[in-house]
Structures are given as C-alpha cells and as structure tokens.
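Peer 1:
In the numbering used here, the protein residues as written are 446 to 927.
(1) Where residue 451 and residue 488 are concerned, what is the direct C-alpha to C-alpha distance, given to the nearest angstrom?
(2) Tell me which residue opens and which closes the alpha helix (DSSP H) that residue 882 is part of.
(3) Which residue wins for smallest C-alpha separation from residue 550, given the options 823, 832 and 828?
(4) Which residues in the same chain have their Cβ closer than 6 Å to the Cβ of residue 472, if we skip the five residues on either side of it in sequence?
(5) Smallest Cα separation from residue 621: which of 497, 896 and 915?
(6) Could you say if the segment 524-537 and the segment 797-807 meet the contact criterion of at least three C-beta pairs nearer than 8 Å?
(7) Since I believe residue 638 is in contact with residue 685 (beta carbons under 8 Å), could you give me their beta-carbon distance rounded to a whole number of angstroms?
(8) Under a three-way DSSP split, which group does residue 680 fall into?
(9) Compute the distance between the beta-carbons of residue 703 and residue 673, then report whether it is under 8 Å.
(10) Straight-line CA distance for residue 689 to residue 828?
(11) Quick one: grab the DSSP three-state call for residue 447.
(12) Going by DSSP, what residues sit across from residue 453 in a beta bridge?
(13) Keeping to the same chain, check which residues put their C-beta closer than 7 Å to that of residue 772; ignore five residues upstream and five downstream.
(14) Inspect the CB distances between the segment 535-545 and the segment 835-845 and report whether three or more fall short of 8 Å.
(15) Could you say if the segment 881-888 and the segment 899-909 meet the contact criterion of at least three C-beta pairs nearer than 8 Å?
(16) In the DSSP assignment, find the unbroken beta strand (DSSP E) run with residue 824 in it and report its ends.
(17) Are there 16 or more other CB atoms within 10 angstroms of the CB of residue 798, so buried, or fewer, so exposed?
(18) Which residue comes first and which comes last in the alpha helix (DSSP H) that contains residue 528?
(19) Identify which residue in 922, 897 and 907 has its Cα closest to the Cα of residue 915.
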C-alpha cells in the first residue's frame, strides 16, 4: 500500500430513471468525504457517472487503488452493483458502500459478494478510520458505523456521532472539474454560472415519504459565517452568480438565513440564490412580509416548495403538517416581493384516488393564478418513488410492493418502479402530467405556444391526456431548432 498515503477512488453511480441530459448534480456527499481523506494526506479520485464513462475510468484508476467507496441511494443500487462487479473482475481492492440505501439495509448489502463493508450515516469520520484499519494502524473494531461479514456472520460497530459540518467546510472543490459542475442558469434573461452547496443536513419535520424520520428528524446546521465563506469563494474564484442550497429545508433558522442574505447585500455581491422552504413558514412569526421583502432585496429569487398535493387528505396521509391555505399564502407572499415559486407535487402515492389527482391538477392552476403577476416558476410533478426508511414505503409494501430479498433485486426499485396499485395506462398518463402542467403555467410569447398553452390548460382542467398531440408538436419544434 505504500506507506500512509492511501489511494481512494470514490464513485457516484447513475440513478435509474434519470435521463443523461438532465441537470448535472454536484456529488456533494463524495466531495465532503474526499475532502476529509485529502486532509489526512490521502490521494483521492472522484468518478461521476453523470459526466464520464465510469467503466473506462474504473479500468484506468481502480487497479492501483487501495479503497473504492460507492455512494448509493436506492435508485442507484442497480448501477452500483454493476460497478462493483466490474471492479471485482479486475481487482481485489476493498469496496465500501455508503449512503441512504446501505444505511437502511446494511446487513443485506454486506451479504452481497461485491461489497466488503458498509458505513451507515455520515461517512467522513468512519471512512478515514477504515483507511487506518486497511493500513494496519488500528483494529477493525475501532472503525465506527461499520458493517461487514466475518465467517458468514454479520458484524457491526457502534454508530459514530453526527459529523459537525462546520468542521468540514469548505469542501475541496479542486477534487472535481468546476467547469463541468458550474452549469448555466437563466437569471433576468442572462445565463450565469450556477453551483450547489449544502448548508445543513437532515430536517426536523416528519413527512411520511422522507427518510429523515428514519434518521431521527435531526437538523444540523452550518453556521452563517461558514456559509458566506463558501459563497464568497465560489463568487470570487469561480465566478458563480447563482447558488442553489440543496438543504432539505433551508429556512428553518430565520436568523441564520437573514445573516447570509445581508452578507450578500452588504458586500455588493452580484449573486442570486434559492433554496427549499415549507409553505407553513410564511407566517408572522417566521417568514412574514418584512422578512421576505428583505430576503428578496438580498438576492433570493426562488423558493422551492414541496406542496405535494391539492388534496388535504393526501397531505395528512403524507404527514406534511400543512394546509392548502398555507400553500396559497406562501405563493401570494413570495410573489408580492418578486420571489418566484417552484412547486413540487407527488402523484400516484398509495390510496390516492382519481378525484384527489384532479384536485392536485386544479390546485396547480390555482397557485399559478395566485402567483401574480408572473405565475409559478415551475410545477414539478413526480410519480411517487418508494424510498425505504419512510412511513409511506411501509404503506407501499402493504399495498403490494415487494421488498427484494437481496441487494441485486433492488435494481428494479427506483424512479421508474412499477407500482402495484397503478396500471400501465395510468402510469403512462402520470408521466405526461409534468409536461402538460408546466406548459399550462407558461407565459408564451408567440402564437403557436399561446395555442399550446390554452390546450394544455384545458387538458389539466379536465384531467384528459389521451393523444398528446401538443407534446409531439413541441418536440418537433425543438428538434427543428436543434
């Protein structure tokens, strides 16, 4: 192994159902782990299937590696298994899996012949200690959060404490090609460099489709001084003009986010930013009119809100702890101060009726009307994806979803997972909703798109999506334009 310097390869697999031309997400989980290892003096290589042919990169880098780490959410398991098999064919290098899926199913994961170790939860400290074990510097029992197989028996060590994310900020961005990840965002009609950062981990709320309930609903925040330090580096060194905070919930701490916003304003940074927010935060004690006004004057340009449904019964089932009126108030308040709202919705969840689906479609049009004068920025319609560790996943199992009995079986569980309670015809229809809802809330400027907009609004209002000729017309226009 060549002394204390270990060569680690960290891999971000491709999730099932994602299109190759979709937005490239920064692999923040691997970036933080890689930063920790580099600070320890180790050599780190991050391979991201979003931007490269990992099969070829594996052949180039894995043979000389001392450790391979793979981060896997459930939709990435299928590809993670494929990658691990490729590695096994050319090397006996130790393979460790981390991330959401192996955290929930550690025993099943290490039972696979292509995985040596699993790290549950935060990976920064445990993987550094695992390298100490591989280097012969400590006993395996000293590696926190570790699962492995020994003589065909499961072995595990006590869970590590949560990582203090303030101690790992800023990440070492030189580990990735920043030119690739600073994609363009349209702001005021101009393309600007964008980047994603994470200022917190976890969430205090109890949404039934989210794994944060499995993780104890603990929220860990990065202090404002560290957030602004990261923003400052990205702005001055990499010319980033738009920051998206990939926190599950950016606005939990009002004082903190106001401090960040005022830093942007007081330092005259030409920077826009956005993040996720709950609809019920728009109240006098939290995001009141004055607060939203200040935030809008300090670069905030978009609230990403999980509205989820236009049915109060479904909201209650999902344990969102919000009302339909909360969402209306949120959109009204944000729009009053020029802050766009990008709203996401979940359709096809267990027990949802056709009437409740119609209520969601009509609610989207209502919110678009309330978001005066521009309307909603985006309406993301997502077919329910069963994520293990959430309460709704348990309900999906009760409704007929089969839990795989081995790691390889999870390859079919992901964004395009067939759901027993949804017919093929219904799923085909649900896949059209995102397209038609966004066409319906668009603000077209030419005659053709104005016609298509009206047709889409009619379809959404009537919940009628057979013979989607409008989509074919738009696809044809886009193809002609190249």
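All C-beta atoms, glycine included, are put in the ideal place defined by N, C-alpha and C.
Peer 2: Reading off the structure:
(1) 6 Å
(2) 869-885
(3) 832
(4) 457 and 493
(5) 497
(6) no
(7) 5 Å
(8) helix
(9) no
(10) 23 Å
(11) Residue confidence is low: residue 447 scores 45 on pLDDT, short of 50, so the model does not pin down where it sits. No coordinate-derived value is stated.
(12) 489 and 512
(13) 724, 752 and 812
(14) no
(15) yes
(16) 823-828
(17) exposed
(18) 522-535
(19) 897
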